[in-house]
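Asks: Protein chains in written order, with the UniProt record's numbering: chain A, 1 to 479; chain B, 1 to 479.
(1) Indicate the three-state DSSP secondary structure (helix, strand or coil) for residue 201 of chain B in the structure shown.
(2) Cα separation between residue 462 of chain A and residue 74 of chain B?
(3) Take residue 196 of chain A as the anchor and find which of A/98, A/234, A/163 has the nearest alpha-carbon.
(4) Indicate the three-state DSSP secondary structure (helix, strand or coil) for residue 32 of chain A in the structure shown.
(5) Suppose you measure from the CA of residue 412 of chain A to the CA of residue 268 of chain A; what does that come to, to the nearest Å?
(6) Quick check on the DSSP output: the beta strand (DSSP E) that includes residue 225 of chain B runs from which residue to which?
(7) Where does the unbroken alpha helix (DSSP H) through residue 442 of chain A begin, and where does it stop?
(8) What did DSSP end up calling residue 297 of chain B once you bin it into helix, strand or coil?
(9) Got a sec: is the Cβ-Cβ distance from residue 240 of chain B to anything in chain A below 9 Å?
(10) What is the rounded straight-line gap between the Cα of residue 279 of chain A and the Cα of residue 150 of chain A?
(11) In whole angstroms, what separates the C-alpha of residue 448 of chain B from that of residue 390 of chain B?
(12) So, is the C-beta of residue 56 of chain B closer than 9 Å to a C-beta in chain A?
(13) If you drop the 5 nearest sequence neighbours on each side, which residues of the same chain put their C-beta closer than 6 Å to that of residue 306 of chain B?
(14) Go ahead and label residue 359 of chain B buried or exposed: buried means 16 or more other beta carbons lie within 10 angstroms of its beta carbon, across all protein chains shown.
(15) Only counting the same chain, and skipping five residues up and downstream in sequence, which positions put a Cβ closer than 7 Å to that of residue 460 of chain A?
(16) Would you report the Cα separation of residue 184 of chain B and residue 190 of chain B, rounded to the nearest angstrom?
(17) Can you give me the Cβ contacts of residue 265 of chain B inside the same chain, cut-off strictly under 6 Å, excluding the 5 residues immediately before and after it?
(18) Can you pull the chain A neighbours of residue 114 of chain B, defined as C-beta to C-beta under 8 Å?
(19) Just tell me which of A/276, A/218, A/222 has its CA closest to the CA of residue 246 of chain A.
(20) Any Cβ of chain A within less than 9 Å of the Cβ of residue 41 of chain B?
(21) Do you know how far the Cα of residue 298 of chain A is from the Cα of residue 80 of chain B?
(22) According to DSSP, which residues form a beta bridge with residue 97 of chain A?
(23) Could you confirm whether any beta carbon from chain A is found closer than 9 Å to the beta carbon of residue 167 of chain B?
(24) Please determine if the region 330–350 of chain B and the region 133–146 of chain B are in contact, where contact requires at least 3 C-beta pairs separated by less than 8 Å.
(25) Select from A/316, A/50, A/83, A/105 the residue whose C-alpha is nearest the C-alpha of residue 24 of chain B.
(26) From the beta carbon of residue 318 of chain B, is the nearest beta carbon of chain A less than 9 Å away?
(27) So, is the C-beta of residue 120 of chain B closer than 9 Å to a C-beta in chain A?
(28) Which residue wins for smallest C-alpha separation from residue 489 of chain A, given the options B/400, B/103, B/28, B/90?
(29) Among residues of its own chain, excluding the 5 on either side of residue 248 of chain B, which ones have a beta-carbon nearer than 6 Å to its beta-carbon?
(30) How many Å lie between residue 421 of chain A and residue 49 of chain A at the Cα?
(31) In whole angstroms, give me the CA-to-CA distance for residue 107 of chain A and residue 352 of chain A.
(32) Indicate whether residue 304 of chain B and residue 152 of chain B have their beta-carbon atoms separated by less than 9 Å.
(33) Going by the DSSP bridge assignment, what does residue 254 of chain A pair with across the sheet?
(34) According to DSSP, is residue 20 of chain A helix, strand or coil?
(35) What's the gap between the Cα of residue 287 of chain A and the Cα of residue 340 of chain B?
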């Protein structure tokens, strides 16, 4: 509820209107929410990590239409406590090891507050010059931290842009690929997934790419776009950036490197080699909201040739025309993305970079990798378990091994082993003490242990392993 | 900077690590930002509404790479004050009348804080059931407030989803249109803008639509998708929803109604007629971040047939498989949008609806329309000015009339009149006291006066008109 006192000027002395942006009421309610969230983080380990509610739980707890009259914020927040928190899967819990964690931090949160408080819509330069200029500056900062070739930086003729998600960031590129050659629009757009195998640690082999390109050409299809991945979701596999780019570019194919999660690690010199050869690519993206402590959402995309994006995505309606744009001295980020409206996301990234500094950010990422190594060590010490694929970053893919399942079930048939591990994961998550998810590669069901929340420490990793061992022990010992 | 004390558990007693999500440090810094923003709103009228900086102003004020070491939040916020605020165009200023305002409010801001604090990634139900279920519930609430046919509500077999921007919300639909008929993928995708004229208040005429469809069919193109608009950006023109839908559906064309800004007004019974006939459309969207007090971003999309979206957009990688999804009892919103990751935007809309209630929200919208009417009245009383197109909602399109320009320049040639009004707008915005933007329809340059920020009152409208009159007076009186 806003203040009823400090309302609008009134024309005819009628009843004072509510002012939903009254500064003192903003202050009062804002402090209340800060305390609510600080307490939430303090108590976060008390909640089951994965929500244990049943489908449809909420509709019986809430009315079926909006209230006619205002309700005080205290009432609403009591409902958040009673009805929403039980339905939350706690992504910020230190015991969260599922999917890829979404790292958050104080600076990322504050940056979002400032962004949301100013609430500017920075579609072009003039609509809020600071939003555009800060974005260009921090994207160059971040690019330098990643040692991207200068051709990806504004200072080298390229440039970076913040978007919501990798899907948004990647989508324009195939469209771009079609630009310039009008005939290309006339072919049905097709996407192919090129198989990878365990023998190559699930990295895409350049020869497989070339064969796929040649097969397409043979049937009159024109390959436009390659999306290679550094750190796949299933197993953090890494495609060889340099050699794939060499192949693709011979055929005029736009090369995008999607390093949504693992890209952040490349700020550490010891992990930078995973994107060696990036100078051969056309675009590169990572999600700062995955492993760079920047609250959701914040996807970073760098391109060598911004004009390619602009040609494909630019809109120039009369109502947006302005002198700054026509001077060609400014960036209008609306032309670098699908949507028109855009948030001041650079504020978040800027606060993260300044509040922690490069050295701490490197060390935080290293600490996650070290914790994953520690977990890998624990798995390795227990003969009933095995690590399924090599660990590259901060994720361990493991399972109870066929031999251990065989000892118990007198069969190590792959289906039975998979079923055992599937049940193990359900049992682990059912405790509410940790949350992990799974992957399947070449028919092998693996439990993914992804380290990455900001609050996770060695204590939590050790506890998670205890839970896994306890659950496995109970299942293997079952009569 | 985070706390150095309350850090991680340590393996070997090495130096304590920074904890970037320490609850007490979160509390301290959070309160600091709340006070910063409360003071910002209190002082917002002191700043020039449109930023007066020159292109490139920021790069000389900031270092060209990220700091190696942490900086205190107080230092960073001092830089926000000194270097960012001068580059901000103040969208929340009560003197902001440009583009379409982005209304913000306390509840929208708090909702964003809670969303960002939980920082859950609700791509499917299991990843945070409350995020999905609250979204479905508030979209039904909002749909009922708009008196959408039940076929657009979950309770009637349809449903709503929150996205970032209208562009995102609209994009999937043409793709959907292509689904089901594989041949349709083989035609080049083309978009046509069908002309409208002043005689029909710039609304699209059903006959024009039918002619366009027939021309396409005559050359072998298959019309897939119509985007009709309720409240265009140039002049808030309204396309006749019902009669256009009737035409489009005869040809199997998917009809989307884009009511990005004006849709919110339809919660008032007296404005609901602008979407009469909506039962003939397939999908409907509005931006709650435009005129529904919900901080950026929050686009609401309702569809009658969610399966059409799901068929076009669904992805089902192994790592996202889960029992809830396979039970078919839950909504997985990732299948309703382009991106995978998604924020808990429903929290914002829920807080807005509960904190103000339907009656206050209706009255706030009415107050904006009334203020626009008041401005229209002021324009009407000054013979040197004219209202260019009929006012439908809270925007007035006006200019200095050809006769007034003619009296001064001895020519009322349309080019000279346009140039005069363009200069007038530059002069008005150059004062820093207000910000308005422009549109051009049928060659006529208009100044758009769009009422809609939360803090705007009659005093600000009156002051804006004074600024316009003063600037025009100076220009008309020029020797």
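Glycine included, C-beta positions come from ideal geometry on N, C-alpha and C.
Replies: With the structure as the only source:
(1) Counting from one through the second chain, the residue named residue 201 of chain B turns up at place 201. The answer is coil: DSSP assigns residue 201 of chain B none of H, G, I, E or B.
(2) What you label residue 462 of chain A is simply residue 462 of the first chain in a count that begins at 1. What you label residue 74 of chain B is simply residue 74 of the second chain in a count that begins at 1. Rounded to whole angstroms, residue 462 of chain A and residue 74 of chain B show a C-alpha spacing of 37 Å.
(3) Residue numbering aside, residue 196 of chain A sits at position 196 when the first chain is read from its first letter. Per the C-alpha coordinates, the member of A/98, A/234, A/163 positioned closest to residue 196 of chain A is A/234.
(4) For the purposes of this step, residue 32 of chain A is identified with residue 32 of the first chain, where counting begins at 1. If DSSP states are grouped into helix, strand and coil, residue 32 of chain A belongs with the helices.
(5) Residue numbering aside, residue 412 of chain A sits at position 412 when the first chain is read from its first letter. Residue numbering aside, residue 268 of chain A sits at position 268 when the first chain is read from its first letter. Cα to Cα, the separation comes out at about 41 Å.
(6) Counting from one through the second chain, the residue named residue 225 of chain B turns up at place 225. Element bounds for residue 225 of chain B: 225–229.
(7) As a working note, residue 442 of chain A is residue 442 in the first chain. Unbroken run through residue 442 of chain A: none, as it is neither H nor E.
(8) Taking the second chain and counting its residues from 1, the one referred to as residue 297 of chain B is at position 297. Three-state DSSP puts residue 297 of chain B in coil, outside helix and strand.
(9) Here residue 240 of chain B is taken as the residue at index 240 of the second chain, counted from 1. Chain A contact via Cβ: absent.
(10) On the first chain, residue 279 of chain A is found 279 positions in, with the first residue counted as 1. On the first chain, residue 150 of chain A is found 150 positions in, with the first residue counted as 1. Roughly 9 Å between the two C-alpha positions.
(11) Residue mapping note: residue 448 of chain B aligns to position 448 of the second chain, counting from 1. Residue mapping note: residue 390 of chain B aligns to position 390 of the second chain, counting from 1. Their backbone Cα atoms lie some 12 Å apart in a straight line.
(12) As a first step, residue 56 of chain B is located in the second chain; it is residue number 56 there, counting from the start. Output row for residue 56 of chain B: interface = yes.
(13) Sequence index remark: in the second chain, residue 306 of chain B carries index 306 (1-based). 159, listed in sequence order.
(14) As a position in the second chain, residue 359 of chain B is number 359, starting the count at 1. Under this definition residue 359 of chain B is an exposed residue.
(15) The sequence position of residue 460 of chain A within the first chain is 460, counting from 1. Cβ within range, chain order: 94, 95.
(16) Position 184 of the second chain, counting from 1, holds the residue named residue 184 of chain B. Position 190 of the second chain, counting from 1, holds the residue named residue 190 of chain B. Interpretation of residue 184 of chain B is limited by its pLDDT of 42, a score under 50 that renders its predicted location unreliable; no figure is taken from the coordinates.
(17) Reading the second chain from its first residue, position 265 is the one you call residue 265 of chain B. Only 271, 365, 393 meet the Cβ criterion.
(18) As a first step, residue 114 of chain B is located in the second chain; it is residue number 114 there, counting from the start. Neighbours of residue 114 of chain B across chain A, judged by C-beta separation under 8 Å: 33, 36, 37, 80.
(19) Here residue 246 of chain A refers to the residue found at position 246 when the first chain is read from its first residue. For the residues A/276, A/218, A/222, the minimum Cα distance to residue 246 of chain A belongs to A/276.
(20) Position 41 of the second chain, counted from the first residue, corresponds to residue 41 of chain B. Answer yes: the Cβ-Cβ gap between residue 41 of chain B and chain A drops below 9 Å somewhere.
(21) In the second chain, residue 80 of chain B corresponds to position 80, counting from 1. In the first chain, residue 298 of chain A corresponds to position 298, counting from 1. When rounded, the distance between both Cα atoms is 20 Å.
(22) Taking the first chain and counting its residues from 1, one reaches residue 97 of chain A at position 97. Residue pairing by DSSP places residue 97 of chain A opposite A/436 in a beta bridge.
(23) Here the question's residue 167 of chain B lines up with position 167 in the second chain. Residue 167 of chain B has a beta carbon lying within less than 9 Å of a beta carbon in chain A.
(24) At 8 Å Cβ cutoff, the stretches touch.
(25) Within the second chain, numbered from 1, the residue matching residue 24 of chain B stands at position 24. Per the C-alpha coordinates, the member of A/316, A/50, A/83, A/105 positioned closest to residue 24 of chain B is A/105.
(26) As a working mapping, residue 318 of chain B is identified with position 318 in the second chain. Interface annotation, residue 318 of chain B: in contact with chain A, CB-CB separation under 9 Å.
(27) Taking the first residue of the second chain as position 1, residue 120 of chain B is located at position 120. Residue 120 of chain B has a beta carbon lying within less than 9 Å of a beta carbon in chain A.
(28) Because residue 489 of chain A is not part of the residues shown, which for chain A are 1 to 479, the question remains open.
(29) Here residue 248 of chain B corresponds to residue number 248 of the second chain, with the count starting at 1. Excluding residues within five positions, the ones whose Cβ falls inside 6 Å are 226, 255.
(30) Position 421 of the first chain, counting from 1, holds the residue named residue 421 of chain A. Position 49 of the first chain, counting from 1, holds the residue named residue 49 of chain A. So the alpha carbons of these two residues sit roughly 20 Å apart.
(31) Locating residue 107 of chain A in the first chain gives position 107, counting from the first residue. Locating residue 352 of chain A in the first chain gives position 352, counting from the first residue. Those two C-alpha atoms are separated by around 5 Å.
(32) Here residue 304 of chain B is taken as the residue at index 304 of the second chain, counted from 1. Here residue 152 of chain B is taken as the residue at index 152 of the second chain, counted from 1. Cβ distance < 9 Å, so residue 304 of chain B and residue 152 of chain B count as in contact.
(33) Here the question's residue 254 of chain A lines up with position 254 in the first chain. Bridge partners of residue 254 of chain A: A/225.
(34) Stepping through the first chain from its first residue, residue 20 of chain A is reached at position 20. Correct three-state label for residue 20 of chain A: coil.
(35) Working through the first chain from its first residue, we reach residue 287 of chain A at position 287. Working through the second chain from its first residue, we reach residue 340 of chain B at position 340. So the alpha carbons of these two residues sit roughly 12 Å apart.
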